[in-house]
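Here's the structure, in structure tokens; my notes come after.
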Amino acid sequence: MVDRLADGCLDTDAQNLLSSLKGHITDMHPGVLKAHHLLWSHDLVNPKNKTHARYLKELGEQFVVRANHQVLTRLRELDTAGQELSWLYQEIRHHIWQSSEVTQTFCGRQELLARLGQQLRHDDSKQHTPLVLFGPPGIGKTALMCKLADQMPRLLGHKTVTILRLLGTSQMSSDARGLLKSICFQVCLAYGLPLPPAQVLHAHTRVVQFFHTLLHTVSCRNFESLVLLLDAMDDLDSVRHARRVPWLPLNCPPRVHLILSACSGALGVLDTLQRVLLDPEAYWEVKPFSGNQGQEMIQLLLAAARRTLSPVHTDLLWASLPECGNPGRLRLAFEEARKWASFTVPVPLATTTEEATHQLCTRLEQTHGRLLVAHVLGYIVSSRHGLSEAELKDVLSLDDEVLQDVYRDWTPPSKELLRFPPLLWVRLRRDLGYYLARRPVDGFTLLAIAHRQLVEVVRERYLSGSERAKRHGILADFFSGTWSQSTKKLITLPLVGKPLNLDRKVAPQPLWFSDTVANLRKLKELPYHLLHSGRLEELKQEVLGSMSWISCRGISGGIEDLLDDFDLCAPHLDSPEVGLVREALQLCRPAVELRGMERSLLYTELLARLHFFATSHPALVGQLCQQAQSWFRLCTHPVLVPLRGFLQPPGGPLRATLSGCHKGITAMAWGVEEKLLVIGTQDGIMAVWDMEEHHVIHMLTGHTGFGRSVRIFLADSRGFRRFIATDLEHEDMVETAVFGTENNLIITGSLDALIQVWSLSKQGTLLDILEGVGAPVSLLACGGTLVASASPQSSSFKVWDLSDAHRSRAPAPFLDRTGLTAVSHNGSYVYFPKIGDKNKVTIWDLAEGEEQDSLDTSSEVRCLEVAEQHKLLFTGLVSGVVLVFPLNSRQDVICIPPPEARKAINCMSLSKCEDRLAIAYDNIVLVLDITPGDPCPVVDGPRYTFYTQLPETLSSVAILTDYRMVYSVTNGDLFLYECANSKAFPLEAHRSRVACIEVSHKEQLVVSGSEDALLCLWDLQTRKWKFEMSYTAPC
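In numbering that gives the first Met the number 0, the protein residues as written are 0 to 1034.
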């Protein structure tokens, strides 16, 4: 199309301007625009023209592809920017903007502000309790908190760092984890302190301790005072239904102030705070306005909206609000009055907040229809965190009741698709105006109801009975993607009279938008709606029983969010399997917090813990195990694949491994009620843990010195006497011991990181061996059937339930602390030196989870090898002897003597074909042949005896079928030796002692690993390394 003048001539000026604009846009955005060229014809714009149809198709496809690319690019930029603190700046800007909006019409409260300023100045130089502002909903607490933030330097009389959070108005201010994270980052930036490290952010407990420590650090720096204002504690998810506020400091140090606000009434948050903060002087009531202050507020609102009221309307307004001092009620009255026209006589306003809210809903229903208003407000209130406008329009397009009402008098414009007309929403959104809040969540702007009173009225008016489940059901359909991807849905419209199968054109809902961008909206909303719509079986199969969902939720949100989902759903599901999966995730927490949430780590941890129950619980646990095994089969990179369960399973004695930011635990003791555990750490911090909910409820900082604990042992008047005849033998030095509550058990901890449970009623019978935290067990505390174990060398502690110590339990993983293990029968049996007696070899049955037998070697075991095909177990001993046990007849032992008397064996190696055996001593290697025989294989030799001629001793060896050998010595030197030619070829040395050497199955490659965490892969043909891998421990 072209522009023409009135006389029909071409408008050249318009054409030149248009060409110039096109050229300028193309120059400015060359990567965004694409030119399409078409030959001109008279019927070019005819849809039946093939050229025109092809052009439209290409243009549409290109637009979709380009839009998808730009969206994903922007999401990646936001993800990268999130790591560069732009998320924090966005959070700060959001609360500053909200505060500035609220304070524009602030009036009154000057006396209360002055009294608060006096109290803050009085507390500034000493330790004090936080302050709590309370009052009924709508009384003006938020406005007062915003005004306090604005005037804080004047109130305190000097410079301050003021941090304001209007809780519940953004994603990070809606739960304690996000709130503390954002506050810690902002405080660190304000005072020039180091930001919280990643390891702290992985665990909420560490963030809590960092927060408490940070407040004391700021206090000691003697700079500007820090003031934290947290408005609307009722809107913080972790506080709303909790018995306590775990992260809340009971006392603020000097120059640090914490001011909270909470609603009084039936919500219970104020009661929760009063149980924590016991000082009655900490509570300040926000009282109603006087009549003059209420009129002043209305005048300010009218001025801000550039509105005036006629004298008749003004008189009607004040007559409807006699002595009303509730600012929330006044604001509702203003929103109604601003819609009055000068020529109308409005109805009188309601006298109470509840009546005014109902009056608002009635007015909306009269304008837009009851059904549309009920469903729109119902969807917004029913959502977990709110809905974006695009989501709301998609949801309304899936609601058959709304569409049937909309298309009651006219037919849809398209015969292929059916959508909710967006103009109807625009009109309703305009009339809602002030009552809609916009909250930034996960990169979206979500709509939510701004006022608690309106939420309550919507629930009462529109979400009673089965209506609530219907709203959640439609939302569940949308977030599960049931009707996306051109899937058509049946509907019968009034004017059509027959069912129509139409595409609703709603957004697809994959778990992942790309390899790195997860669908956070689906992850957060879908479980909530499946639960509340009563679709529990779908919830178990598609969410809680899906490894894809679990891994996506864990990777994108962390282990805490994943556990929150299970905690949300588990109480409503009569399913022991859900409890097992939830407990398995809880047991995975220490590994995840240490290494970060990785898909391979999560799959390995869950399969290794749940494999025990795959057969007995096939519906959910068995399904998860099968999904994990399928993922391992398709995994293209190296990963540890559990063949059987080998980690502590759920339902066993281990309740939890709890970690914090402790530098080392030095003392612990149970509370009287056995629900609280007190931990003392090396850095002088006392933490009180709630052992039912597994989180810290109090954190006391500022202590000095190390915690100490005392245990009292009972004795009779005759003094101490031996209770049982035999000693309780341990493999290593015993560090600590405690008695069970009924004095029928004794639990011991030793330097080898093992906890052993002994029965006193059975004369010292060993009932169980439990694995500690990987460090010497020097602390044990017993409370009822619970026992806690810890070590100063570890930042974690474990809690065990010994109530079933005398009963049989599910098969447990074997416990070996030596690292000398061998397996046979395709992993069914494990061999390792016996705990407490290294002169014996334990045979552990993995299927039964218990010791099957033991072999007596008469000397300490140094190394073990199993020839799977020949069914032989080789044991290398300190005495230099190699004992060979046929696995099918273990009483027929073969003895291979050492080359010299009293030479200990350092290591052994079997070739991949199991036809060669290498036995290495300090500087001698024997190479023997293994050939088939009857009734058992024959070990001949030695075929070769090799002397290294080096001052260093041998550390590792690997033998090949062709009599070549790779060996290393203690200084890290590595050699390839050909026995037939007596030639040694040096390989590039490691920087430290080589701990292991392993040959590939075809004996073409060999890998060597050293103690400095370096792995090298070697090509035996070229005798050169191909590549190396280095592993570093996390900070």
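We treat Cβ as the ideally placed atom computed from N, Cα and C, and that holds for glycine.
Three or more Cβ pairs closer than 8 Å define a contact, and the stretch 99-110 meets that threshold against the stretch 134-149. In this structure, I258 is the residue among P252, I258, R73 with its C-alpha nearest to the C-alpha of T141.
With contact defined as three or more Cβ pairs closer than 8 Å, the stretch 436-456 and the stretch 527-536 are not in contact.
In the three-state reduction of the DSSP assignment, K338 falls in the coil class, being assigned neither a helical nor a strand state. Counting along the chain, R915 sits inside no alpha helix (DSSP H); it lies in the beta strand (DSSP E) bounded by residues 915-919.
F873 is a Cβ neighbour of M907, given a cutoff of 8 Å. Two segments are said to touch when three or more pairs of C-beta atoms, one from each, lie closer than 8 Å; by this definition the stretch 260-275 does not touch the stretch 109-128. M546 is positioned such that its CB atom lies closer than 8 Å to that of L623.
Annotated three-state conformation of S857 is coil, per DSSP.
Only buried fits W843, as 16 or more other CB atoms lie within 10 angstroms of its CB. One alpha carbon belongs to F209, the other to A202, and they sit about 11 Å apart. When DSSP states are grouped into helix, strand and coil, G134 belongs to the strand group. A direct Cα-Cα distance of roughly 6 Å separates V542 from W548. For Q89, the closest alpha carbon among the candidates C894, S172, P29, D10 is that of S172.
At least 8 Å separates the beta-carbon of Q126 from that of P248. In this structure, V401 keeps its C-beta atom at 8 Å or more from the C-beta atom of L359. Secondary structure note for C1015: its beta strand (DSSP E) is the uninterrupted segment 1013-1018. When S381, G377, W1024, E334 are compared, the shortest CA-CA separation from R362 is found for E334.
Counting the other CB atoms within 10 Å of its CB gives Y433 a total below 16, which places it among the exposed residues. Judged by DSSP secondary structure, W757 falls within the beta strand (DSSP E) whose first and last residues are 753-758. Considering only L639, V591, S777, the residue with the shortest C-alpha distance to G663 is S777. Taking 3 residues as the minimum length, the beta strand (DSSP E) runs contained wholly in the stretch 139-201 are 159-165, in order along the chain. For I958, the three-state secondary structure derived from DSSP is strand.
Per the DSSP secondary-structure output, F831 pairs in a beta bridge with T841.
For V131, the closest alpha carbon among the candidates Y943, A569, L58, L276 is that of L276. With 16 or more neighbouring CB atoms inside 10 Å of its own CB, F477 falls in the buried class. Taken through DSSP and simplified to helix, strand or coil, D6 comes out as coil. Contact check for P326 and I558: beta-carbon distance about 42 Å, past the 8 Å limit, so the pair fails to qualify. Inter-segment contact for the stretch 919-937 and the stretch 959-978 is present: three or more beta-carbon pairs are separated by less than 8 Å.
Taking each of G544, G595, M1028, C587 in turn and checking the Cα distance to A613, the smallest one comes out for G544.
Here S658 is bridged, per DSSP, to S795. Going by beta carbons, F796 and L657 fall inside the 8 Å limit.
When the five nearest sequence neighbours on each side are left out, the beta carbons in the same chain lying within less than 8 Å of the beta carbon of E850 are those of T841, I842, W843, D844, in order along the chain.
For D560, the enclosing alpha helix (DSSP H) has its first and last residue at 558-568.
A281 is not a Cβ neighbour of T161, given a cutoff of 8 Å. Note that the C-beta distance between S555 and A583 is not below 8 Å.
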